[in-house]
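One structure is given below, encoded as structure tokens.
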């Protein structure tokens, strides 16, 4: 399910609703990807609270560009959230981990670990900005 209207953070609420609707199927999971801008939005806070209350099988994956603006023009982490997305999730009672978001293996392992325990989970995928230089540029 893709949400095309409104705040991208609404995807978090949709994901919780879909996962709650699928609660009769313990083997089904909903995964939603968010950025820091969405993680700082009230809709995501509502989604984390609702997930903590209803305990659906939903995984929030939040991509974090800790030092610079993200690809969507998000401000750096410290200017959008007073804490990390994983600390925010834990404050709502949702288990959370931080992983190297540049490693597909690390993210896949975190998703597998989350799926081994029923209920909501948040994975904070830390990204590192790459600096591109022209060939031969030594500066």
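Numbering (the numbering used here), first residue to last: 154 to 292. Every residue gets a Cβ at the ideal spot worked out from N, C-alpha and C, and that includes glycine.
Using the beta-carbon count (16 or more within 10 Å), is residue i buried or exposed?
| i | result |
| --- | --- |
| residue 273 | buried |
| residue 278 | buried |
| residue 194 | buried |
| residue 261 | exposed |
Just verifying my parser: in three-state terms, what is the DSSP assignment at residue i?
| i | result |
| --- | --- |
| residue 188 | strand |
| residue 169 | helix |
| residue 160 | coil |
| residue 174 | helix |
| residue 240 | helix |
| residue 281 | coil |
Thinking C-beta only, is residue j closer than 8 Å to residue i?
| i | j | result |
| --- | --- | --- |
| residue 196 | residue 165 | yes |
| residue 214 | residue 169 | no |
| residue 160 | residue 186 | no |
| residue 263 | residue 252 | yes |
| residue 267 | residue 276 | yes |
| residue 201 | residue 241 | yes |
| residue 172 | residue 271 | no |
| residue 181 | residue 210 | yes |
Where do the N-terminal and C-terminal ends of the alpha helix (DSSP H) with residue i fall, by residue?
| i | result |
| --- | --- |
| residue 207 | 195 to 207 |
Just reading off the beta strand (DSSP E) that residue i is part of, what are its end residues?
| i | result |
| --- | --- |
| residue 216 | 211 to 217 |
Original post:
Taking only runs of the alpha helix (DSSP H) that begin and end inside the segment 242 to 275, which ones reach a length of at least 4 residues, in chain order?
Top reply: Listed in chain order, they are 257 to 268.
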